[in-house]
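Taking mature numbering (1 follows the signal peptide of the UniProt record, and there is no 0), I'd label the letters of the sequence shown as residues -25 to -1, 1 to 321. First comes the structure, then the notes that go with it.
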Amino acid sequence: MPQLPALKLCTLPAVLTLGLTGCMAGEGSGEAQAGSGAADDKVVVDWATYNPLSLVIKEKGWLEAALAESGTEVEWVQSAGSNKANEALRAEAIDVGSTAGSAALLARSNGSPIKVIDLYSQPEWSALVTTADSGIQEVADLEGRTVAATKGTDPYFFLLQALEEAGVDPGSVTVQNLQHADGRAALENGQVDAWSGLDPIMAAAEQNGAELFYRNIDFNTYGFLNAHESFLEEQPEAAQTVVDVYAYARDWALANPEETARILSETASIELPVAEKVLERTQLDINPVPGRQQLDVLEKVGPIFVESDDVADQQQVDDALATIVEPAYAENADASRVAGAIEEQK
């Protein structure tokens, strides 16, 4: 892969959030506060609308039911994106958090003690987005333009891969480092020329006339459910219960797509057709055990971290790739282990 100079990063001084903060794609309010980490009798997990299974589990109260017998309390914290989930995990403000695979690898490469214990989806949740009148039709048209993206998340790395594939010098593109909802706002306000988007905000923008001018599911990494190493060491049974509940929720969501879409629609404050579009782009029926297939994808993304100065050297990436996966929890997942407690609670 050719050397990629770092993208020019800057931040808009003021961007409207369209009132979406805290409503869509886990953006905005409700972010974890450092120092609120869990005790042995509490598990702190995140919810994010880019992780539909987390919404189902939270609304249904299934994790609370599954942990009730052990006397373990559940605290839910909203993640504002993979970067915010990683910040909370590193600070031990949450025990389990939802990220894209690329973001998890970036965090681990930079020393965050996290392990991926389950896969919640294989999504096509990121694409490059513009407006109908921007004159942008392909990735090559981004040269000399300004693009909104959230650094440290799948959309950011999606953009880097798309530029590399198109032969566009990343140094010729200015990136406004904005949270996902603010990126949409900046695009619609004309403050940027394009946006590397994330569902469900991207699907809502598409419904409002935005155009997805470049898509590539292979540039989207899997949805990783990550846990802090200290949580796995201190509360392995609780960690297994979290993964068991995810297995139960996956089966339920596949059997109940209409209600899953309703939950996503209501939680994310998006129209039902938008929620349905998001779920159409999200594969839930996957092997949830993290392993070689996910590492193969991440091996392609890893060198970009170094070339874009997000990680100091390739050795850090290689070390992270060798240590990030903890498959035992997903391998041992058993929805029936929590089904009784959940059914009793219903």
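Heads up, the beta-carbon is just placed ideally off N, CA and C, and yes, glycines get one too.
(request) Verify whether the separation of the beta carbon atoms of residue 325 and L28 is less than 8 angstroms. (result) Outside the displayed range of the chain (-25 to 321) lies residue 325, so it cannot be described from this structure.
(request) Counting only the same chain and skipping the five closest in sequence on each side, list residues whose C-beta sits under 7 angstroms from that of P302. (result) Position 327 of the sequence shown, counting from 1, holds the residue named residue 302. The answer, listed in chain order, is V264, P265 and G266.
(message) Taking the straight line between their C-alpha atoms, what separation do you get for H203 and A213?
(response) Here residue 203 refers to the residue found at position 228 of the sequence shown. Here residue 213 refers to the residue found at position 238 of the sequence shown. Rounded to whole angstroms, H203 to A213 spans 13 angstroms at the Cα level.
(request) Specify the secondary structure class of T(-9) as computed by DSSP and reduced to three states. (result) Counted from its first residue, the sequence shown places residue -9 at position 17. The predicted model places T(-9) with a pLDDT of 32, which falls under 50 and marks its position as unreliable, so this point remains unresolved.
(request) Locate the alpha helix (DSSP H) running through Q320, then write down its first and last residues. (result) Your numbering for residue 320 matches position 345 in the sequence shown. Segment S311 to Q320, the alpha helix (DSSP H) holding Q320.
(message) One question on the structure: do R159 and I176 come within less than 8 angstroms of each other, judged by their Cβ atoms?
(response) Position 184 of the sequence shown, counted from the first residue, corresponds to residue 159. Position 201 of the sequence shown, counted from the first residue, corresponds to residue 176. Yes, these two residues count as a Cβ contact at 8 angstroms.
(message) Taking a contact to mean a Cβ-Cβ separation below 8 angstroms, would you say G127 touches A78 in this structure?
(response) In the sequence shown, the residue the question calls residue 127 occupies position 152. In the sequence shown, the residue the question calls residue 78 occupies position 103. A contact, by the Cβ cut-off of 8 angstroms.
(message) Tell me which residues share the same chain as F194 and place their Cβ nearer than 8 angstroms to its Cβ, disregarding the 5 neighbours each side in the sequence.
(response) As a first step, residue 194 must be located in the sequence shown, where it is residue number 219. Cβ contact annotation for F194 (same chain, cutoff 8 angstroms, sequence separation greater than five): S101, F132, F133, Q136 and A137, in chain order.
(request) Identify whether E48 lies in helix, strand or coil by the three-state DSSP scheme. (result) For the purposes of this step, residue 48 is identified with residue 73 of the sequence shown, where counting begins at 1. DSSP places E48 in strand when its eight states are reduced to three.
(message) By the DSSP assignment, the alpha helix (DSSP H) with residue 354 in it spans what residues?
(response) In the structure as shown, the chain begins at -25 and stops at 321. Residue 354 is therefore absent and cannot be evaluated.
(request) Within its chain, find whatever has a CB closer than 7 angstroms to the CB of A178; leave out the 5 residues flanking it on each side and keep chain order. (result) Mapped onto the sequence shown, residue 178 falls at position 203. Excluding positions up to five away in sequence, the list reads V249, K252 and V253.
(message) Please return the same chain residues whose Cβ sits closer than 8 angstroms to the Cβ of G142, not counting the five positions on each side in sequence.
(response) Position 167 of the sequence shown holds residue 142. Answer for G142: A115, listed in chain order.
(message) By DSSP's criteria, L187 is part of a beta bridge. Which residues make up the other side?
(response) On the sequence shown, position 212 is the one that residue 187 refers to. The partner list for L187 (beta bridge, DSSP) reads V104.
(message) Based on DSSP bridge pairs, tell me the residues matched to F199.
(response) Within the sequence shown, the letter at position 224 stands for residue 199. Bridge partners of F199: T74 and L94.
(message) On a Cα-Cα basis, can you pick out the residue from Y197, E163, L80 and V150 that is closest to N183?
(response) Translated into positions along the sequence shown, residue 183 becomes position 208. The shortest C-alpha separation from N183 is found at E163.
(request) Could you check the C-alpha separation between S11 and A60 for me, to the nearest Å? (result) As a working note, residue 11 is residue 36 in the sequence shown. As a working note, residue 60 is residue 85 in the sequence shown. Summary for S11: the model assigns pLDDT 43, below 50, so the residue's position carries little reliability; its value from the coordinates is reported in the next sentence. Looking at the two C-alpha atoms, the distance is approximately 14 angstroms.
(request) Just the C-alpha distance for T105 and A287, rounded to the nearest angstrom, thanks. (result) In the sequence shown, counting from the first residue as 1, residue 105 sits at position 130. In the sequence shown, counting from the first residue as 1, residue 287 sits at position 312. A direct Cα-to-Cα measurement between T105 and A287 gives close to 32 angstroms.
(request) Report yes if the C-beta distance between V31 and W51 is below 8 angstroms; otherwise report no. (result) Within the sequence shown, numbered from 1, the residue matching residue 31 stands at position 56. Within the sequence shown, numbered from 1, the residue matching residue 51 stands at position 76. Their beta carbons are not under 8 angstroms apart, which means V31 does not touch W51 by this criterion.
(message) Following a CB-centred definition, is I176 positioned closer than 7 angstroms to any heavy atom of the ligand HEM?
(response) The ligand HEM is not part of this structure, which contains no ligands at all.
(request) Check whether the Cβ atoms of V91 and V300 lie closer than 8 angstroms to each other. (result) Along the sequence shown, read from residue 1 onward, the residue named residue 91 stands at position 116. Along the sequence shown, read from residue 1 onward, the residue named residue 300 stands at position 325. Yes, they are a contact pair.
(message) Am I right that P75 and S57 are in contact with their C-beta atoms under 8 angstroms? What's the rounded C-beta distance?
(response) Counted from its first residue, the sequence shown places residue 75 at position 100. Counted from its first residue, the sequence shown places residue 57 at position 82. It is worth fixing the name first, because residue 75 is Ala in this sequence and not Pro. Sure, about 5 angstroms apart at Cβ, within 8 angstroms.
(request) Measure from the alpha carbon of G172 to the alpha carbon of each residue in Q166, E181 and G165, then state which is nearest. (result) In the sequence shown, counting from the first residue as 1, residue 172 sits at position 197. Of Q166, E181 and G165, the residue nearest in Cα terms is E181.
(request) Whole angstroms is fine: what's the gap from A228's alpha carbon to I192's? (result) Along the sequence shown, one-based indexing puts residue 228 at 253. Along the sequence shown, one-based indexing puts residue 192 at 217. Cα to Cα, the separation comes out at about 22 angstroms.
(message) Give me, in chain order, the residues of the same chain whose beta-carbon lies closer than 6 angstroms to that of T257; leave out the 5 immediate sequence neighbours on both sides.
(response) As a first step, residue 257 must be located in the sequence shown, where it is residue number 282. For T257, where only same-chain residues beyond five positions count, the Cβ hits under 6 angstroms are S96 and P98.
(message) Please report the distance separating the alpha-carbon of Y221 from that of S73.
(response) Looking up residue 221 in the sequence shown gives position 246. Looking up residue 73 in the sequence shown gives position 98. About 12 angstroms.
(request) Return the CA-CA distance between D174 and A156, expressed in angstroms with no decimal places. (result) Counting from 1 along the sequence shown, the entry for residue 174 is found at position 199. Counting from 1 along the sequence shown, the entry for residue 156 is found at position 181. Cα to Cα, D174 sits roughly 10 angstroms from A156.
(message) Applying the 10 Å Cβ sphere with the 16-neighbour rule, what's the burial state of Q268?
(response) Walking along the sequence shown from the start, residue 268 turns up at place 293. Q268 is exposed by the Cβ-count criterion.
(message) Please list the terminal residues of the continuous alpha helix (DSSP H) segment that includes Q289.
(response) Indexing the sequence shown from 1 puts residue 289 at position 314. Looking at the DSSP string, the run of the alpha helix (DSSP H) that includes Q289 is Q289 to T298.
(message) According to DSSP, simplified to helix, strand and coil, what is S87?
(response) Within the sequence shown, the letter at position 112 stands for residue 87. Here S87 sits in coil by DSSP.
(message) Considering Cα atoms alone, identify which of E139, T125 and Q166 is closest to L153.
(response) Start at 1 with the first residue of the sequence shown, and residue 153 comes out as number 178. L153 has its Cα closest to that of T125, out of E139, T125 and Q166.
(request) Leaving out five residues on either side along the sequence, give the residues of the same chain with a beta carbon under 7 angstroms from the beta carbon of S147. (result) Stepping through the sequence shown from its first residue, residue 147 is reached at position 172. If the five residues before and after S147 are omitted, its C-beta is found closer than 7 angstroms to the C-beta atoms of E118 and G119, all from its own chain and listed in chain order.
(request) Note down the Cα distance separating K275 from E44, rounded to an integer number of angstroms. (result) As a working note, residue 275 is residue 300 in the sequence shown. As a working note, residue 44 is residue 69 in the sequence shown. For K275 and E44, the distance between alpha carbons rounds to 44 angstroms.
(request) Look up N61 in the DSSP assignment and say whether it is helix, strand or coil. (result) For the purposes of this step, residue 61 is identified with residue 86 of the sequence shown, where counting begins at 1. In the structure shown, N61 sits in a helix (DSSP, three-state: H, G or I).
(request) Going by DSSP, name the residue or residues bridged to G172. (result) Mapped onto the sequence shown, residue 172 falls at position 197. In the DSSP assignment, the residues bridged to G172 are A102.
(request) Measure from the alpha carbon of E255 to the alpha carbon of each residue in E246, E282 and P232, then state which is nearest. (result) The residue labelled residue 255 in the question sits at position 280 within the sequence shown. With distances taken between Cα atoms, E255 lies closest to P232.
(message) To the nearest angstrom, how far is the alpha carbon of V122 from that of I317?
(response) Stepping through the sequence shown from its first residue, residue 122 is reached at position 147. Stepping through the sequence shown from its first residue, residue 317 is reached at position 342. Cα-Cα distance, rounded: 45 angstroms.
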